[in-house]
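There are 2 protein chains.
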Amino acid sequence: MSLLTVGTVAFDDIKTPFGHAEKVIGGACTYASWSASYFTNDIRLVSIVGGDFPQDEIDQLHDRGVKTEGLEIVADKKSFFWAGEYHDNMNQRTTLATELNVLADFDPVLPASYKDSQYIMLGNLTPEIQMKTINQLDTDPTLIVMDTMNFWMDVAWDALIEVVKKVDVITINDEEARQLSGKYSLVDAAAEIHKMGPKYVVIKKGEHGALLFSEGKIFSAPALPMSLVKDPTGAGDTFAGGFIGYLAQTDNVSFENMKRAIIYGSVMASFCVEEFSIEKLKTLDKATIDARVQQFVDLAAFSM
Amino acid sequence: MSLLTVGTVAFDDIKTPFGHAEKVIGGACTYASWSASYFTNDIRLVSIVGGDFPQDEIDQLHDRGVKTEGLEIVADKKSFFWAGEYHDNMNQRTTLATELNVLADFDPVLPASYKDSQYIMLGNLTPEIQMKTINQLDTDPTLIVMDTMNFWMDVAWDALIEVVKKVDVITINDEEARQLSGKYSLVDAAAEIHKMGPKYVVIKKGEHGALLFSEGKIFSAPALPMSLVKDPTGAGDTFAGGFIGYLAQTDNVSFENMKRAIIYGSVMASFCVEEFSIEKLKTLDKATIDARVQQFVDLAAFSM
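Keeping their order, the protein sequence lines are chains A and B.
Note that the numbering used here numbers the first sequence so that position 192 is 192, with each residue one more than the last.
Note that the numbering used here numbers the second sequence so that position 287 is 287, with each residue one more than the last.
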């Protein structure tokens, strides 16, 4: 089924204990689209870049089945740029620079061919842009997934809540779930967030896995313990891309299938962190992904 | 099979956001023994208390199949006492008082009837006491499990390493695994700890579950997301008691059975935190435990 992804396409500068990646490809929409492209080939990207963004990268997305009619290119401006450094064993990151550039003017316009999209991935952006995307859809989509973060809770609470009302799935981390709900227990937090709108609450816990809550049911997905995490940037977006990509491929939004989608998202995120930027995500194939899925199955399996 | 547990039997004073439990029953050996008693009824307790410890509590342990010939009672002294307060949503605790009392003189002597014990649980105590316990065993036990903590790594490294060499299983938390191994990645940490002796490394991650490592194999056990955690005291000891209690009951130390033991340990810990002290652990029965096991099965189950 068709999958619309809206979010940033950008440059990153990333320092980790394993090296320094200068002006590499980044952006939530980039990670999510690459990740989803292993599951479905009708992906419709909505974003904005400057004239400095390499055409070759856009071509590579095309080759993966990602339509870029909705990618606005502002020739005389620069792409969004983020620079950050990871420390304390990757558990903390410091933002060194944020240059909005073209992102300051981003007013997403959905091409006519996008307006019947059935699966919608709202990347972490201002709630206004997320709402504008939803409002341009012609047909009632099968599933809307939103990612967001604590920043929008701090600076745009009311607009955020309006978006939360309209989505089926929200993906946030544990601290964000607590902030959004005002509840400490994640069970209570999910129950509170259900009341705000989303039928499904996905709580991303990084190296501790993910939790899926829906109508009193809970699924706990493991994370793969890894020897080497080279660059955590984009892991959450890659997770979201694998998650919704698998749902779009299978066109099944049952709780059981959502569980599989969580595993595929976790699998894709586990690849993402093995190399800087989207490098690892460019090299995958079905056999490699299937083998990693089997690792997750073995990791979590027990019989009583 | 026979199970020997050595550790503290004590009084606690516990403050949490849910209340203040004054001079309640505590101690690693108490929690572990109560927990294990739901799996096996040949438990041999080794500990020390003062004349102030209630005989009724000892009688209740007897009724659960816990032999207390190895419980030294020093009539004119006081039992070990710990006071602590939990804050920041139970993630931090402050020790308010530690009175060693009888524990300062603890020199464990195994009764003759204990010396053929097959399953050995070395609770978190000085490495010297752990080693003295091992050295008094007559027969080669099936499995020795040790719990320890960062404190012993700081103050008794060499003695600790000697104990680590002799045990089959070590149970520690993620930070302790990192400190013991000098490795940040838990995969690398477990590999390093295997080299020190233990064939099995169990990493307790509290609300994030537990990991079992052995010879390149990994099992990730979920924790049950809970609405109410009233008192986390003793959860790790309760986990250890359920873990080794199940192994002693089934007398099977294969990786597959260790996985089940981890689930039973996690199940028992999930009960422990629902009430102060050992109160909840006194009220369980097989049906209640089985129902909670099924919750864990449902929580982690997925099919790809």
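The beta-carbon is built from N, C-alpha and C at its ideal position, and this holds for glycine as well.
Counting only runs that start and end inside the segment 163-245 of chain A, the alpha helix (DSSP H) elements of at least 4 residues fall at 174-181, 186-196.
Within the same chain, and ignoring the five residues on either side of Leu281(A) in sequence, the residues whose Cβ sits closer than 8 Å to its Cβ are Tyr31, Trp34, Ser35, Thr238, Met268, Phe271, Cys272. For Asp56(A), no chain B residue has a Cβ inside 7 Å of its Cβ, as the nearest lies near 34 Å away. 7 Å or more divides the Cβ of Ala83(B) from the Cβ of Leu100(B). The alpha-carbon of Asn252(B) is positioned some 26 Å away from that of Pro222(A). Listed along chain A are Asn89, each with a C-beta nearer than 8 Å to that of Tyr184(B).
One alpha carbon belongs to Asp13(A), the other to Gln92(A), and they sit about 16 Å apart. Within the segment 184-201 of chain B, Tyr184, Ser185, Leu186, Val187, Asp188 place their CB atoms closer than 7 Å to a CB of chain A, listed in sequence order. The C-beta distance from Val46(B) to Val6(B) rounds to 4 Å, short enough to fall under 8 Å. Nearest Cα to Ala189(B) within the set Tyr246(B), Glu215(B), Leu3(B): Glu215(B).
Taking 7 Å as the cut-off, the beta carbon of Val163(B) is found no closer than this to the beta carbon of Pro198(B). Between Ser79(B) and Ala10(B), the CB-CB gap stays under 7 Å. Closest option to Ala28(B), judged by alpha-carbon separation, among Met149(B), His62(B), Leu284(B), Ser2(B): Met149(B).
For Ile48(B), the nearest beta carbon of chain A is not closer than 7 Å to its own beta carbon. For the segment 212-230 of chain B, the set of residues with a beta-carbon nearer than 9 Å to any beta-carbon of chain A comprises Phe213, Lys217, Ile218, Phe219, Ser220, Ala221, Pro222, Ala223, Leu224, Pro225, Met226, Ser227, Leu228, Val229, in chain order. Chain-ordered, the chain B residues with CB closer than 9 Å to the CB of Ala300(A) read Phe219, Ser220, Ala221, Pro222, Ala300, Ala301, Phe302. Three or more Cβ pairs drawn from the segment 133-150 of chain B and the segment 170-177 of chain B lie within less than 8 Å of each other, which places the two stretches in contact. Bridge pairing for Gly50(B): Val74(B) [DSSP]. Residues of the segment 268-294 of chain B with a Cβ closer than 7 Å to any Cβ of chain A, in chain order: Val293. Considering only beta carbons, the part of the segment 240-265 of chain A lying closer than 7 Å to chain B consists of Lys259, Arg260, Ile263, in chain order. Beta-bridge partners assigned by DSSP to Leu122(A): Val6(A), Met146(A). Taking 7 Å as the threshold, the shortest C-beta distance from His62(B) to chain A does not fall below it. The distance from the Cβ of Asp42(B) to that of Gly65(B) is about 7 Å, consistent with a contact at the 8 Å cut-off. The beta carbon of Thr283(A) sits closer than 6 Å to none of the beta carbons in its chain outside the five residues before and after it.
The three-state secondary structure of Gln92(A), taken from DSSP, is strand. Counting along the chain, the unbroken beta strand (DSSP E) around Ala83(A) starts and ends at 81-87. Looking only at Leu4(A), Leu160(A), Asp298(A), Asp231(A), the smallest Cα-Cα distance to Ser277(A) is reached by Asp231(A). Of all C-beta pairs linking the segment 49-65 of chain A to the segment 247-263 of chain A, fewer than three are shorter than 8 Å, placing the two stretches out of contact.
Between Met226(A) and Ser185(B) a beta carbon distance of about 7 Å is seen, short of the 8 Å cut, so the two are scored as contacting. A Cβ of chain A is located within less than 7 Å of the beta carbon of His208(B). Collapsing the DSSP output to three states places Phe302(B) in coil. Within chain A, no residue has its CB atom less than 8 Å from the CB of Val169(B), the nearest being about 17 Å off. Residue pairing by DSSP places Arg44(A) opposite Leu4(A), Lys67(A) in a beta bridge.
With respect to the 7 Å criterion, Lys132(B) and Pro108(B) are classified as neighbours on the basis of their beta carbons.
Excluding sequence positions up to five before and after Lys217(B), its CB lies within less than 7 Å of the CB of Phe255, all in the same chain and listed in chain order. Burial of Thr68(B) is indicated by the presence of at least 16 other C-beta atoms within 10 angstroms of its C-beta.
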